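To keep things clear, I will list the structure first and then write my remarks on it.
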Amino acid sequence: MSKSAILSSSIAKKYWMALTGLFLCLFLVGHLLGNLQLIFKTGEEGKLAFNQYAHFMATNPAVKALAYLTYFSILFHSIDGIVLTVQNKKARPLKYANNNPAANSALPSRYMAVLGTLVLLFISLHMANFWFKSKVSNAAFPLHKVSVQQDGVQTKMDFYITQNGDYIPVSQFEEAEQMTEQGLMKIPASFEIKNGSEIYLKKEGLKRADGYKDLHGLVMSYFGKPKDGFPKNTWAGIAVGFYVLSMAVLSFHLWHGFASSFQSLGLRSKKFAKGITAFGRAFALIVPALFAIIPLIIYFF
Ligand code: HEM
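Just add 12 to the spot in the sequence shown (first one is 1) and you have our numbering.
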């Protein structure tokens, strides 16, 4: 292959890395705004708002298309990054005689591949914990429940809220026992949950409604505030520490990556260079910091 072809192909790779990187920055902003509800909206209303938001994100066709673009961008950005790093190493087999990286480039820029790999590791573990459990695995997922105090009854009763606004008593999903003249009778459950969140009439085998998956409970339990239906996470403190550290790594990655992507796209003209660098650095500090405070607040408050 001619030298110019290698150059142009590596320029093309940088271009696509920049484009997918900037798209992932947009994803981060959307994901952050959605997740901030976890700490800014509290109580039963906050819990329902988050689960309804998560349901909308999982089912709206336009959002779904964006989600596929996000998965594709993560894969493409990572693979392209690895190929570029290997290509660069091969193209420069001999170390420069006067190599002084500290003087020639900022620290994060020299470690983009390592930082990117760590971010990818974080995303893989993060998706295994949240996304896989709620979207891919079809195991019965705890549904959104509310406790309601009915008139004249002292104890509260639990209900599942369905997507069409109905309340179905949780007790009707369990077999019950009733004392009759003939003795203790078993009353079979009226409903069952299938395919993660679909509510079926058990005897007739007919679908009655869809429940909301309790993603709020999943996240809260994972970060040390156990909720009904989810196991206690004995590693919550370590999980929080891992999130905070990972956000520091993400911050370093964005510190260089944001402005550099404008450079690769040919958009970092002299006039705007300073502004783009300043915006990129603010983005690199603020977005990961806001992500990091979510698990910290859930764990400590
Ligand atoms: C405290 C911080 C965060 C929380 C609480 C959080 C929460 C979640 C939850 C609950 C899901 C599952 C959504 C669903 O299945 O419908 C999810 C998916 C995901 N998260 Fe996060 N997240 C956080 C930070 C991040 C960060 C920093 C990144 C990237 C660097 C990230 C990347 C992703 C991706 C790629 C998905 C899959 C998206 C999709 O299917 O649409 N998350 N996150």
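Backbone N, C-alpha and C define an ideal beta-carbon position, used for all residues, glycine too. A quick note: this is a predicted structure, and the numbers were derived from the prediction, not measured.
Do the stretch 268-280 and the stretch 289-305 touch if we need at least three Cβ pairs shorter than 8 Å?
yes
Cα-Cα separation, Asp240 to Ser233
Locating residue 240 in the sequence shown gives position 228, where the first residue counts as 1. Locating residue 233 in the sequence shown gives position 221, where the first residue counts as 1. Near 9 Å, if we compare the C-alpha coordinates of Ser233 and Asp240.
N- and C-terminal bounds of the alpha helix (DSSP H) containing Thr129:
Position 117 of the sequence shown, counting from 1, holds the residue named residue 129. Its alpha helix (DSSP H) spans residues 124-138.
For Asp314, count the other beta carbons within 10 Å of its own beta carbon; 16 or more makes it buried, fewer makes it exposed. Which is it?
A question about residue 314 goes unanswered here, because the residues of the chain that appear run from 13 up to 313.
For Gln190 and Lys168, I'd like the C-alpha separation in whole angstroms.
Within the sequence shown, the letter at position 178 stands for residue 190. Within the sequence shown, the letter at position 156 stands for residue 168. One C-alpha to the other measures close to 20 Å.
Which one of Phe39, Asp226, Gly249, His228 has the shortest CA to CA distance from Gly236?
Taking the sequence shown and counting its residues from 1, one reaches residue 236 at position 224. Nearest option by C-alpha distance: Gly249.
Does any heavy atom of ligand 1 sit closer than 6 Å to the C-beta of Pro154?
Position 142 of the sequence shown, counted from the first residue, corresponds to residue 154. No - ligand 1 has no heavy atom lying nearer than 6 Å to the Cβ of Pro154.
Considering only C-alpha positions, which residue in the set Phe153, Ala152, Lys214, Ala221 is nearest to Asp178?
Counting from one through the sequence shown, the residue named residue 178 turns up at place 166. Looking at the Cα atoms, Ala221 is the closest of the given residues.
Quick one: give me the first and last residue of the beta strand (DSSP E) that Asp92 is part of.
What you label residue 92 is simply residue 80 of the sequence shown in a count that begins at 1. From DSSP, Asp92 is part of no beta strand (DSSP E) but of the alpha helix (DSSP H) over 73-103.
Starting from Thr192, trace the beta strand (DSSP E) in both directions and tell me its first and last residue.
In the sequence shown, counting from the first residue as 1, residue 192 sits at position 180. 188-192 is the extent of the beta strand (DSSP E) around Thr192.
Put Arg220 into one of helix, strand or coil per three-state DSSP.
As a working note, residue 220 is residue 208 in the sequence shown. The answer is strand: DSSP assigns Arg220 an E or B state.
Hey, could you find the ends of the beta strand (DSSP E) Phe171 is sitting in?
Mapped onto the sequence shown, residue 171 falls at position 159. 169-173 is the extent of the beta strand (DSSP E) around Phe171.
Short Cβ contact (7 Å threshold) for Tyr255 with Pro307:
Stepping through the sequence shown from its first residue, residue 255 is reached at position 243. Stepping through the sequence shown from its first residue, residue 307 is reached at position 295. In this structure, Pro307 lies closer than 7 Å to Tyr255 by Cβ.
Is Ala304 near Met259, with beta carbons less than 7 Å apart?
Here residue 304 is taken as the residue at index 292 of the sequence shown, counted from 1. Here residue 259 is taken as the residue at index 247 of the sequence shown, counted from 1. Yes, the Cβ-Cβ distance between Ala304 and Met259 is below 7 Å.
Given 6 Å as the limit, tell me if Pro73 has its C-beta closer than that to any heavy atom belonging to ligand 1.
In the sequence shown, the residue the question calls residue 73 occupies position 61. Because no heavy atom of ligand 1 lies under 6 Å away, the Cβ of Pro73 does not count as near it: no.
Along the chain, where does the alpha helix (DSSP H) that runs through Pro307 open and close?
Working through the sequence shown from its first residue, we reach residue 307 at position 295. Taken as a continuous stretch (DSSP letters only), the alpha helix (DSSP H) holding Pro307 covers 282-312.
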